[in-house]
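Numbering (this note's numbering), first residue to last: 5 to 214.
Written out below as structure tokens is the structure these notes cover.
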Amino acid sequence: MYPEPQAPRLLSVAEWAALPEDQAGELIDGRLVEEEMSDCVHELVVAWLIQTLRDWLIPRGGFVFGSEVKYALKPRRGRKSDVSVFLSRSRKPPARGPVGIPPDIMIETVSPAPRDGRRDRVEKMEEYAAFGVRWYWLLDPQLRTLEIYGLAQDGRYVHRLGATGGLLQAVPGCEGLTLDLDALFREIDQLEAADQQETSRRQGSAESEG
5 MYPEPQAPRL LSVAEWAALP EDQAGELIDG RLVEEEMSDC VHELVVAWLI QTLRDWLIPR
65 GGFVFGSEVK YALKPRRGRK SDVSVFLSRS RKPPARGPVG IPPDIMIETV SPAPRDGRRD
125 RVEKMEEYAA FGVRWYWLLD PQLRTLEIYG LAQDGRYVHR LGATGGLLQA VPGCEGLTLD
185 LDALFREIDQ LEAADQQETS RRQGSAESEG
């Protein structure tokens with residue numbers, strides 16, 4: 005008689021935070037789940053956001069972080085946003101370990117996969133609101149859109165801004181910040197055009213060899 009398989013042991017946020025780098029993933033109800041698959045467009049957007057926000061934040065004493073910071077939303081639930089922002093030096097995260105303090109802004113770059121889109125637009129939106137994150141940004145490089153949601157008194161997000169380009173000089177919650185979405189989207193266009201040219205070149209070479 006074979007022994008019954010045992011259910012995997014549930015992880016705490018502290019155990020999740022202590023996992024080695026090669027064990028990537030987010031923590032959902034104590035279980036490690038796969039993160040979204042990144043690509044060069046995704047990373048271009050993240051790099052642009054970090055650079056733009058950092059230039060604006062440093063004189064103001066704020067902090068911006070990339071995608072490897074682990075946020076402890078609940079005892080057995082942890083997330084890693086693409087970008088997170090603390091607007092004031094008076095509210096800063098611990099230098100090491102999981103972060104249990106909600107940042108002022110969390111940003112997700114929406115991936116084209118339906119599962120990843122649902123995670124960003126539904127699951128994380130609910131979780132970040134419950135965590136107390138004041139502002140939630142969704143930047144969709146495929147649709148070329150930026151959406152900004154603000155946390156209302158009832159604990160839910162309210163849509164505060166939607167943009168498909170332009171030079172944004174009135175960013176909710178970020179006085180003095182300018183976002184040149186046209187410049188960002190041009191970079192994405194250049195990257196995708198170069199990719200298409202390379203694909204066409206390879207197809208042409210394959211046809212000539214055939």
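Note that CB positions come from ideal geometry on N, CA and C, so glycine has one too.
Nothing here was measured: the structure is a model prediction, and the numbers come from that model.
Taken in chain order, the whole alpha helix (DSSP H) runs of length 4 or more contained in the region 51-97 number zero. Cβ contact annotation for Glu72 (same chain, cutoff 7 Å, sequence separation greater than five): Lys84, in chain order.
Residue pairing of Thr113 in beta bridges, as defined by DSSP: Leu143.
Shown here, Arg122 sits in a helix according to DSSP, grouped into three states. Secondary structure note for Ala167: its beta strand (DSSP E) is the uninterrupted segment Tyr161 to Ala167.
In this structure, Val114 sits away from Ser88, with a CB-CB distance that is not shorter than 9 Å. Annotated as distal: Pro102 and Val175, with beta-carbon spacing of 9 Å or more.
In the three-state DSSP reduction, Ile192 falls in the helix class (H, G or I).
When DSSP reads this structure, Glu30 sits in a beta bridge with Val37. Rounded to the nearest angstrom, the gap between the Cα atoms of Pro106 and Gln201 is 43 Å. DSSP, read as helix, strand or coil, puts Leu185 in helix.
According to the DSSP assignment, Glu151 belongs to the beta strand (DSSP E) that extends over Thr149 to Leu155. Spatial neighbours of Glu40 in its own chain (CB-CB distance under 6 Å, excluding positions within 5 residues in sequence) are listed in chain order as Ser115 and Asp120.
Of Tyr132, Leu53, Pro12 and Gln194, the smallest CA-CA separation from Val37 is found for Pro12. According to DSSP, Leu172 shares a beta bridge with Leu183. In the three-state reduction of the DSSP assignment, Val103 falls in the strand class. Annotated three-state conformation of Leu48 is helix, per DSSP.
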